[in-house]
Amino acid sequence: MSAITRDEVAHLARLSRLALSDEELDHYATQLDVIIGSVARVSEVAAEDVPPSSHALPLTNVFRPDEVRPCLTPEQALSGAPAVEDQRFRVPRILGEEA
Amino acid sequence: MTTTTTLMPYDEALERYEPVLGLETHVELGTASKMFCGCATTFGAAPNTQVCPVCLALPGALPVANEKAIESTIRIGLALNCSIASWCRFARKNYFYPDMPKNYQISQYDEPLCTDGYLDVEVDGTVVRVGIERVHLEEDTGKSTHVGGATGRIHGADYSIVDYNRAGIPLVEIVTKPIEGADRLAPEVARAYVTELRELMRALGVSDVRMEEGSLRCDVNVSLMPRGSSEWGTRTETKNVNSLRSVERAVRHEIERQAAILSEGGRIVQETRHFHEDTGTTTSGRSKEEAQDYRYFPEPDLVPIAPDPAWVAELKAALPELPSVRRKRLQQEWGVSDLDMQAMHNADAIDLVEATVAAGAPPADARKWWMGELARRANEAAVPLSDLRITPDQVARVCALVASGALNDKLARQVLEGVLEGEGTPDEVVASRGLQIVNDEGELSRIIDEVLAANADAADKVRGGKIAAVGALVGGVMKASRGKADAARARELILEKLGVSA
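From first to last, the protein sequence lines are chains A and B. Using the UniProt record's numbering, the final residue of the first sequence is 99, and nothing's skipped along the way. Using the UniProt record's numbering, the final residue of the second sequence is 502, and nothing's skipped along the way.
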């Protein structure tokens, strides 16, 4: 039994705005299934006394004081942008016409 | 977009349906630096001048949480009577809009910093307790401008341009529990809640809460259920509600719109709607993505927050006087009625009156000008009182000029007008417009003689003992002096000249 269905892969692709062909969906569904299965094996190792954790380090409360530090210049900030307009990052159309 | 919206008259809608409200309010914190980096947060800076590798998501840059923002969020939670989490994490909210260059927003999901509180608000003399579901901390997004297309909206635009100055500014989201039982007062309750919340933020000093600049933004959820039913209907979420008045109008409009659809057997679509300030109506926006589509997961780049209980207790002990308590105290100090206090509260005049009193004006005078002439002017210009171009100090000065007899009320109104029109301070306006009460006795006496000569009948009546007739003569003097005479002194002089003792 698969850990992830082809439909779920198609849904994730849509959320990520990736246009995948039918062959690609099949391909990724198989690969993702293997990845999920491999990660799932880790939880088999975890015993009752190992709580779920999201961080490798036993640290909490790492804060910085509310102090202003120098920023980039707009030229520096925009230097890697594929397109610039009005000192802003120009991005392609986000959504099409309303359905 | 051209379909006309059918509305059911409000009274009829309320007869048939009961509204349930939910309010989600975003407050931009007034920290000097951003949430996860040291960039400045100044409003209105030139585009992309307050950005760095962290808020632009350049490879390898890592966030570090701003301690002041955490502290402010805890203080907000405490002021809203919430429990403060002993341990919680940030979470990534994944989505593809380019307003966050990381392709996710750092937010909180199932572990908010503050939960389960309430805020009491007053509507029509009744206290309504609004439950608070949660208060969490996240980062604001960049500002997109959509270019091309007919509407300037995201739909149908040719492309967009993005300014990331706002991306990463600490943003607190405050979510109410469903508000039931507000009934026909629902629009007013919604407005009163946002008003009270805004004052609370101001009292805490955590944000400048300027709705017009977007540092306080409100999303309004409304659903209707048929009378007698206990099952809630489908809700809509109206965004873009950028003034207190709009909060009230948006709720009202959604009630009228949804009632019309439901009464015709239609169903409400769960969706985001946009509020339009000019017409007071809402239109459909993008249909709401399911929460799971955001694929939240714990933010691996930030370690958990575990506020020390001693720190939380210290913050709680140091909370300032809360606005509702302050209002009660001021009401006593000023000796005004519940109704007058409520009117000042609704008009957002309490801070202004307080500052005017602090500048030396008697409370009654301060209230009279702010709630009278100045409220009228603000209303005419459709701006909040606090946006009028006059300071509490200047209003106090006008009060002092009236009290000293240098101005009467009529002249004072002209002084206020001059100040509002940018002619300078009250004293400058008095000088430049020549607005001094005529207290030159010779001049006043001459005017009175003229008026008595022109109104011989009235003068005779007064001589004959009909003191009441003096009113017309005083009126004549005021008219002849174009309002600059001291009416009380004029009355004395008239009676003296006519040989009558008052």
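Heads up, the beta-carbon is just placed ideally off N, CA and C, and yes, glycines get one too. Bear in mind that the values here come from a model prediction, so they are computed numbers and not experimental data.
Per DSSP, the bridge partner or partners of residue i
i, result
"B:His274", "B:Lys239 and B:Thr283"
"B:Val162", "A:Phe89 and B:Ser144"
"B:Ala488", "Beta-bridge pairing links B:Ala488 to no other residue."
"A:Phe63", "B:Ala65"
"B:Pro170", "B:Glu139"
"B:Ala88", "Contrary to the premise, residue 88 of chain B reads as Cys rather than Ala in this sequence. Partner(s): B:Ile305."
"B:Phe96", "According to DSSP, B:Phe96 bridges with nothing at all."
"B:Val451", "For B:Val451, which the question treats as bridged, DSSP gives no partner whatsoever."
"B:Asn408", "Per DSSP, none; premise fails for B:Asn408."
"B:Arg134", "B:Thr115 and B:Val175"
"B:Asn221", "B:Gly22 and B:Glu237"
"B:Asp120", "B:Arg129"
"A:Leu95", "B:His155"
Top-ranked residue by Cα proximity to residue i, from the options
i, options, result
"B:Asp409", "B:Val269, B:Ala366, B:His253 and B:Asn346", "B:Ala366"
"B:Ile268", "B:His274, B:Glu321, B:Gln258 and B:Leu315", "B:Gln258"
"B:Arg202", "B:His345, B:Asp278, B:Ile255 and B:Leu322", "B:Leu322"
"A:Thr60", "B:Glu67, B:Pro59 and B:Gly60", "B:Glu67"
"B:Ser246", "B:Gly214, B:Gly280 and B:Glu271", "B:Gly280"
"B:Ile437", "B:Ser501, B:Pro112 and B:Leu407", "B:Leu407"
"B:Ala306", "A:Glu75, A:Arg14 and A:Pro58", "A:Pro58"
"B:Val127", "B:Ile70, B:Trp232, B:Lys461 and B:Ala182", "B:Ala182"
"A:Gln76", "B:Cys52, B:Leu80 and B:Phe90", "B:Cys52"
"B:Val451", "B:Ile494, B:Gln414, B:Ala431 and B:Asp351", "B:Ile494"
"B:Val398", "B:Gln108, B:Lys497, B:Val429 and B:Val312", "B:Val429"
"B:Leu352", "B:Met371, B:Arg16, B:Glu421 and B:Asp338", "B:Met371"
"A:Arg93", "B:Tyr104, B:Thr145 and B:Leu62", "B:Thr145"
"residue 528 of chain B", "B:Trp232, B:Ser386 and B:Val241", "With chain B covering 1 to 502 only, the question about residue 528 of chain B has no answer from this structure."
"B:Thr4", "B:Pro59, B:Glu231 and B:Ala260", "B:Ala260"
"B:Asp293", "A:Ala3, A:Val9 and A:Ser2", "A:Val9"
"B:Trp87", "B:Ala46, B:Leu113, B:Ser72 and B:Ala13", "B:Leu113"
"A:Ser79", "A:Arg90, A:Arg69 and A:Pro70", "A:Arg90"
"B:Ala487", "B:Glu441, B:Ala310 and B:Ala456", "B:Glu441"
"B:Gly77", "B:Ala32, B:Asp140 and B:Thr176", "B:Thr176"
"B:Leu137", "B:Leu473, B:Val147 and B:Glu173", "B:Glu173"
"B:Glu354", "B:Asp340, B:Trp334, B:Phe96 and B:Ala347", "B:Trp334"
Close beta carbons around residue i, own chain, < 6 Å, minus the five adjacent residues each side
i, result
"B:Gln50", "Cys39, Ala40 and Asn165"
"B:Gly475", "none"
"B:Thr356", "Ala366, Pro392, Val395 and Ala396"
"B:Trp369", "Val395"
"B:Asp219", "Glu24, Glu237 and Lys239"
"B:Pro178", "Val20 and Gly22"
"B:Glu188", "Val123"
"B:Ala378", "Leu385 and Leu388"
"B:Asn242", "Met211"
Neighbourhood of residue i by C-beta distance below 7 Å, restricted to the same chain and skipping five residues each side
i, result
"A:Asp7", "none"
"B:Ile448", "Val477, Ala490, Leu493, Ile494 and Lys497"
Proximal residues to residue i (C-beta, below 8 Å), its chain only, five neighbours per side dropped
i, result
"B:Lys102", "Ala57"
"B:Gly499", "Arg463"
"B:Ser324", "Asp120, Glu122 and Glu196"
"residue 520 of chain B", "No answer is possible for residue 520 of chain B: the residues shown for chain B start at 1 and end at 502."
"B:Arg329", "Glu321"
"B:Glu15", "Arg227"
"B:Ala65", "Met35, Phe36, Phe90, Leu302 and Ile305"
"residue 503 of chain B", "Since the first residue shown for chain B is 1 and the last is 502, residue 503 of chain B is missing from the structure and cannot be characterised."
"B:Cys118", "It should be noted that the sequence gives Tyr, not Cys, for residue 118 of chain B. Excluding sequence neighbours, B:Tyr118 sits near Leu80, Asn81, Arg129, Val130, Gly131 and Ile132."
Go through the region 312–385 of chain B residue by residue and report every complete run of the alpha helix (DSSP H) that reaches 4 residues or more, in order. 323–334, 338–346, 350–358, 363–369 and 375–381
Along the region 77–97 of chain B, what residues have a CB closer than 9 Å to any CB found in chain A? Trp87, Arg89, Asn94, Tyr95, Phe96 and Tyr97
For the region 84–96 of chain A, which residues have a beta carbon sitting closer than 9 Å to at least one beta carbon of chain B? Val84, Glu85, Asp86, Gln87, Arg88, Phe89, Arg90, Val91, Pro92, Arg93, Ile94, Leu95 and Gly96
Near-chain B residues of the region 16–37 of chain A - C-beta to any C-beta below 9 Å: Ser16 and Arg17
What runs of the alpha helix (DSSP H), each 4 residues or longer, lie entirely inside the region 3–77 of chain B? 10–16
Contact residues within the region 63–77 of chain A, judged by C-beta distance below 7 Å to chain B: Phe63, Arg64, Pro65, Asp66, Glu67, Val68, Arg69, Cys71, Leu72, Pro74 and Ala77
With 8 Å as the limit, tell me which residues of the region 38–54 of chain B have their beta carbon closer than that to any beta carbon of chain A; keep them in chain order. Gly38, Cys39, Ala40, Ala46, Pro47, Asn48, Thr49, Gln50, Val51, Cys52 and Pro53
Members of the region 9–34 of chain B that neighbour chain A once the beta carbon cut-off is set at 7 Å: Thr31, Ala32 and Ser33
Contact residues within the region 60–71 of chain B, judged by C-beta distance below 8 Å to chain A: Val64, Ala65, Asn66, Glu67, Lys68, Ala69 and Ile70
For the region 152–170 of chain B, which residues have a beta carbon sitting closer than 8 Å to at least one beta carbon of chain A? Ile154, His155, Gly156, Ala157, Asp158, Tyr159, Ser160, Ile161, Val162, Asp163 and Tyr164
Taking beta-carbon pairs under 9 Å, can you tell me which members of the region 303–322 of chain B lie near chain A? Val303, Pro304, Ile305, Ala306, Pro307 and Asp308
What residue ranges within the region 14–46 of chain A form continuous alpha helix (DSSP H) runs of no fewer than 4 residues, ordered along the chain? 22–45
Contact set between the region 37–54 of chain A and chain B, restricted to residues whose Cβ is under 8 Å from the partner: Ser54
Counting only runs of 4+ residues fully inside the region 183–230 of chain B, write out the alpha helix (DSSP H) ranges in chain order. 186–204
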